[in-house]
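One structure below.
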Amino acid sequence: MSVPRYWREIPRRSRLETVKCSECGTISYPPRARCGKCGSSKFENYKLPEKGELMTFTVVRTPPKGFEKMPPYIIGVVKLEDGTLITSQITDVAPEEVNVNMKVEAVFRKVVEDGDSGIIQYAIKFRPVIK
Amino acid sequence: MRKVAIIGTGMTKVDKHWKKSLKELFGQAGIEALNQTNSPAIDALIVGNMCASDLSDQNNIGALLADHLGFVPNTAYRVEAACGSGGAAFLAAYSAVASGMYDVVMTGGVEKLTDGVGGNTTLSLGKAADAEYELFYGSSFVSINAMIMRYYMKHYGVPREAFADFSVLMHRNGSRNALAQLPFEITRETVLDSDMISDPITLFDCAPVGDGAAALILCPLEDAKKYSDDFIEVAGIAGATDTVDIASRESLLTFKSTVTAADRAYKMARISTADVDIAEIHDTFTITGVLSLEDLGFCERGKFHKMMMNGAFEPGGIVAVNPSGGLKSRGHPVGATGAYQIAELFLQLTGRAGKMQVPDASVGVAQNIGGSGSSTYVTVLRRV
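So the protein sequences, as listed, match chains A and B. Each number in the working numbering corresponds to the 1-based position in the first sequence with 1 added. Each number in the working numbering corresponds to the 1-based position in the second sequence with 7 added.
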């Protein structure tokens, strides 16, 4: 992962900042050049909610390159409180305890390290809501 | 637009071809296709491939293969649409002939996955997904489809075992295919007891990793007799897209790109699903196969298991699904898969499919997906 490539996605992946169509109000995550609903190219900034529920998930046992030390880890699609879906890791819960519809909240975590001298990549993951 | 025919095909066995390179594999398929015809001059070569730049350190595949097959100086290029590369290349070749730009075009696909070392192959295949919003988090191509499968199972109350039975059917079909990578029968237990890759997907829910090449020669339908006694009309064809990342979609229970492409291709061919005798569908994973059956209109949503066990997807049923064994058993040489599907239908419709032959087949549909439904190419072939 190059530094610029990592750096330019920080607003989305670390702060849940995205855009909303100024014409029809459709929230787009990630941002797009034109609204897929109405075709408008006018957008305003929009901050996604930090809570939602787990829509579906998988426990990765055979990882892609770079994630060899991580399994088992959980990848999920979270439905945020405004209805936006987001793919991320689900953390702070054992694979056998995770379940669909679980209430989750955003938390800032390390994702992976690029070897011994590369950048350490951080992003928002989701954990079960702490009451 | 001119009507277009397929006049010849060639396929290698799908396998781990350690001794053969990318160009040797496509060379073999290309020569076989030329030999099925009276070897007309090829005006253009349009070939599908996904992973050569990652795994074989090779780009510029078009010229490389044109040189290998003696087509220099004619035009040649590669088309890439992940696992849909073969179908996309076929669409480009069809358009080139239909428009009148070229008369005789060779298309097809080639993939050399075993040139990858260690986790590179998994990484390269994963690039079909969204690099920044899916792969970044450690998703693999399998894990994205596993999330779709879990959602499907919960939504419809379908048990995991039902998907295992889909693999069993594919392997039963593939056991009759001499070119299949895994030409053997399995049981439900083979699937359920195999290694867990990404819950709930086990190894035997997945298409195997393998190498292969398939070639097809196209020309205007009105000229087909000049080149071959056996030719088939390309009656309908369409491609369609959806978002690359699955979280941006309205539903995880359908691949809208398949629904759209199928609708357009069926309309172009003036057919309905009831007219289709054979379908070669894109079953990268068992869940992909099931969604494809539904999206192509062959199966009521959530009901595939009962229909399948009643023989709906075998000759004599609603439609003969993947007599080749599909991606699961024939194999999935990614960028070549779409070309294999069309080549297999060509053999079926010309009555040369041997032990796989579906009796009296006259209309066949091939459905080739790129990514997790982000692009789909549907082709309708008809006996003339």
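Note that the Cβ used here is the ideal one computed from N, Cα and C, for glycine as well. Given the structure is predicted, the values throughout are model-derived calculations rather than measurements.
Would you kindly report the start and end of the unbroken alpha helix (DSSP H) that includes residue i?
{"i": "isoleucine 11 of chain A", "result": "11-16"}
{"i": "lysine 232 of chain B", "result": "231-234"}
{"i": "arginine 271 of chain B", "result": "263-276"}
{"i": "asparagine 46 of chain A", "result": "Careful: asparagine 46 of chain A lies outside any alpha helix (DSSP H), inside the beta strand (DSSP E) at 44-48."}
{"i": "lysine 393 of chain B", "result": "No answer is possible for residue 393 of chain B: it lies beyond the span of chain B, which begins at 8 and ends at 391."}
{"i": "aspartate 74 of chain B", "result": "68-75"}
{"i": "threonine 248 of chain B", "result": "Note, threonine 248 of chain B: premise wrong, no alpha helix (DSSP H); beta strand (DSSP E) at 239-248."}
{"i": "lysine 313 of chain B", "result": "311-316"}
{"i": "alanine 100 of chain B", "result": "92-106"}
{"i": "isoleucine 294 of chain B", "result": "293-302"}
Find the residues of chain B that neighbour residue i, judging by a C-beta separation of less than 7 Å, and give them in chain order.
{"i": "serine 89 of chain A", "result": "Tyr144"}
{"i": "glutamate 10 of chain A", "result": "Glu139"}
Where does the unbroken beta strand (DSSP E) through residue i begin, and where does it stop?
{"i": "lysine 335 of chain B", "result": "Taken as a continuous stretch (DSSP letters only), lysine 335 of chain B belongs to no beta strand (DSSP E), being part of the alpha helix (DSSP H) at 333-336."}
{"i": "serine 89 of chain A", "result": "86-91"}
{"i": "serine 60 of chain B", "result": "It is not in any beta strand (DSSP E) - serine 60 of chain B instead sits in the alpha helix (DSSP H) that spans 59-62."}
{"i": "alanine 83 of chain B", "result": "82-86"}
{"i": "alanine 124 of chain A", "result": "121-129"}
{"i": "methionine 2 of chain A", "result": "Looking at the DSSP string, methionine 2 of chain A is not in any beta strand (DSSP E), and its letter there is neither H nor E."}
{"i": "methionine 8 of chain B", "result": "No beta strand (DSSP E) contains methionine 8 of chain B, which DSSP labels as neither H nor E."}
{"i": "valine 105 of chain A", "result": "104-114"}
{"i": "tyrosine 74 of chain A", "result": "74-81"}
{"i": "glutamate 54 of chain A", "result": "52-61"}
{"i": "glycine 55 of chain B", "result": "51-55"}
{"i": "glycine 219 of chain B", "result": "218-227"}
{"i": "alanine 286 of chain B", "result": "285-287"}
Are there any heavy atoms of the ligand FMN lying less than 7 Å away from the beta-carbon of residue i, as far as the coordinates show?
{"i": "serine 118 of chain A", "result": "Among the components modelled here there is no ligand, and therefore nothing to report on the ligand FMN."}
Buried or exposed, going by whether 16 or more other CB atoms sit within 10 Å of the CB of residue i?
{"i": "proline 65 of chain A", "result": "buried"}
{"i": "serine 382 of chain B", "result": "buried"}
{"i": "alanine 138 of chain B", "result": "exposed"}
{"i": "alanine 96 of chain B", "result": "buried"}
{"i": "valine 328 of chain B", "result": "buried"}
{"i": "aspartate 64 of chain B", "result": "exposed"}
{"i": "glycine 125 of chain B", "result": "exposed"}
{"i": "serine 15 of chain A", "result": "exposed"}
{"i": "phenylalanine 7 of chain B", "result": "Residue numbering for chain B in the displayed model covers 8 to 391; residue 7 of chain B lies beyond these limits and cannot be assessed."}
{"i": "arginine 359 of chain B", "result": "exposed"}
{"i": "aspartate 367 of chain B", "result": "exposed"}
{"i": "alanine 34 of chain A", "result": "exposed"}
{"i": "methionine 108 of chain B", "result": "exposed"}
{"i": "proline 215 of chain B", "result": "buried"}
{"i": "lysine 104 of chain A", "result": "exposed"}
{"i": "glutamate 287 of chain B", "result": "buried"}
{"i": "phenylalanine 109 of chain A", "result": "exposed"}
{"i": "alanine 95 of chain A", "result": "exposed"}
Taking C-beta pairs closer than 9 Å, name the residues in chain A that residue i reaches, listed in chain order.
{"i": "glycine 125 of chain B", "result": "Lys66"}
{"i": "aspartate 74 of chain B", "result": "Result: empty, since nearest Cβ-Cβ is about 32 Å, beyond 9 Å."}
{"i": "isoleucine 294 of chain B", "result": "Residues of chain A passing the Cβ test: none, with the nearest at roughly 11 Å."}
{"i": "serine 258 of chain B", "result": "Simply none; closest approach about 10 Å."}
{"i": "methionine 154 of chain B", "result": "Met56, Thr57, Phe58, Thr59, Ile76, Gly77, Val78 and Thr88"}
{"i": "aspartate 110 of chain B", "result": "Near aspartate 110 of chain B there are no residues of chain A at all, since even the closest Cβ is about 38 Å away, more than 9 Å."}
{"i": "threonine 129 of chain B", "result": "Thr63, Pro64, Pro65 and Lys66"}
{"i": "aspartate 249 of chain B", "result": "Within 9 Å Cβ-Cβ: nothing; aspartate 249 of chain B doesn't reach chain A, min ~10 Å."}
Taking residue i as the query, report the chain A residues whose CB atoms sit under 7 Å from its CB, ordered along the chain.
{"i": "aspartate 252 of chain B", "result": "Thr88"}
{"i": "lysine 392 of chain B", "result": "Residue 392 of chain B falls outside the range modelled here, since chain B spans only 8 to 391, and no answer is possible."}
{"i": "glycine 133 of chain B", "result": "Pro65"}
{"i": "alanine 327 of chain B", "result": "Neighbours of alanine 327 of chain B on chain A: none; closest Cβ ~32 Å, over 7 Å."}
{"i": "aspartate 206 of chain B", "result": "Thr59 and Val60"}
{"i": "methionine 203 of chain B", "result": "Arg62"}
Just the chain B side, please: which residues come within less than 9 Å of residue i by C-beta, in chain order?
{"i": "proline 31 of chain A", "result": "Asp137, Glu139, Tyr140, Asp252 and Ser255"}
{"i": "alanine 124 of chain A", "result": "Phe143 and Tyr144"}
In chain B, which residues lie less than 8 Å from residue i when you measure between Cβ atoms?
{"i": "alanine 34 of chain A", "result": "Residues of chain B passing the Cβ test: none, with the nearest at roughly 13 Å."}
{"i": "valine 113 of chain A", "result": "Gly145"}
Taking C-beta pairs closer than 8 Å, name the residues in chain A that residue i reaches, listed in chain order.
{"i": "arginine 157 of chain B", "result": "Thr57, Phe58, Thr59 and Val101"}
{"i": "serine 150 of chain B", "result": "Thr59, Val61 and Ile76"}
* Asked: Got a sec: which bits of the region 54-77 of chain A sit with their beta carbon under 8 Å from any beta carbon on chain E, in order along the chain?
  -> This model lacks chain E altogether; the protein chains it does include are A and B.
* Validate contact between the region 180-191 of chain B and the region 163-170 of chain B using beta carbons, cut 8 Å, 3 pairs -> The region 163-170 of chain B and the region 180-191 of chain B do not touch, with fewer than three beta-carbon pairs separated by less than 8 Å.
* What are the uninterrupted segments assigned as alpha helix (DSSP H) that are 4 or more residues long and contained completely in the region 119-204 of chain B, given in chain order? -> The region 119-204 of chain B is shown to contain whole alpha helix (DSSP H) runs of 4 or more residues at 127-133, 148-163, 167-181 and 195-199, in chain order.
* Asked: Curious, which full-length beta strand (DSSP E) runs of at least 3 residues does the region 329-386 of chain B contain?
  -> For the region 329-386 of chain B, whole beta strand (DSSP E) runs of length 3 or above, ordered along the chain, are 370-377.
* Take every Cβ of the region 373-391 of chain B, pair it with every Cβ of the region 88-103 of chain B, and state whether three or more of those distances are shorter than 8 Å. => For the pair of segments examined, the region 373-391 of chain B was found to touch the region 88-103 of chain B: the number of CB pairs separated by less than 8 Å reaches three.
* **Segment contact, 8 Å Cβ cut-off, at least three pairs: the region 335-352 of chain B with the region 211-231 of chain B** => Taking 8 Å as the limit for Cβ pairs, the verdict is that the region 211-231 of chain B does touch the region 335-352 of chain B.
* the region 34-54 of chain B in contact with the region 103-113 of chain B per 3-pair CB rule at 8 Å -> By the criterion of at least three beta-carbon pairs nearer than 8 Å, the region 34-54 of chain B is in contact with the region 103-113 of chain B.
* **Given 8 Å, three or more beta-carbon pairs between the region 72-80 of chain A and the region 41-50 of chain A** => No, they do not touch.
* Using 8 Å as the threshold, is the region 114-121 of chain A in touch with the region 21-37 of chain B, meaning 3 or more CB pairs across them? -> No, because fewer than three Cβ pairs between the region 114-121 of chain A and the region 21-37 of chain B fall closer than 8 Å, the two stretches do not touch.
* Would you check if there are 3 or more beta carbon pairs closer than 8 Å linking the region 85-92 of chain A to the region 167-184 of chain B? => Result no; under three Cβ-Cβ pairs closer than 8 Å.
* Tell me, please, whether the region 302-311 of chain B touches the region 145-154 of chain B by the rule of three or more beta-carbon pairs shorter than 8 Å. => By the Cβ rule, the region 302-311 of chain B does not count as touching the region 145-154 of chain B, because fewer than three pairs are nearer than 8 Å.
* Kindly confirm or deny that the region 289-307 of chain B and the region 126-146 of chain B touch, where touching means at least three C-beta pairs closer than 8 Å. => The answer is no - the region 126-146 of chain B does not touch the region 289-307 of chain B, with fewer than three Cβ pairs under 8 Å.
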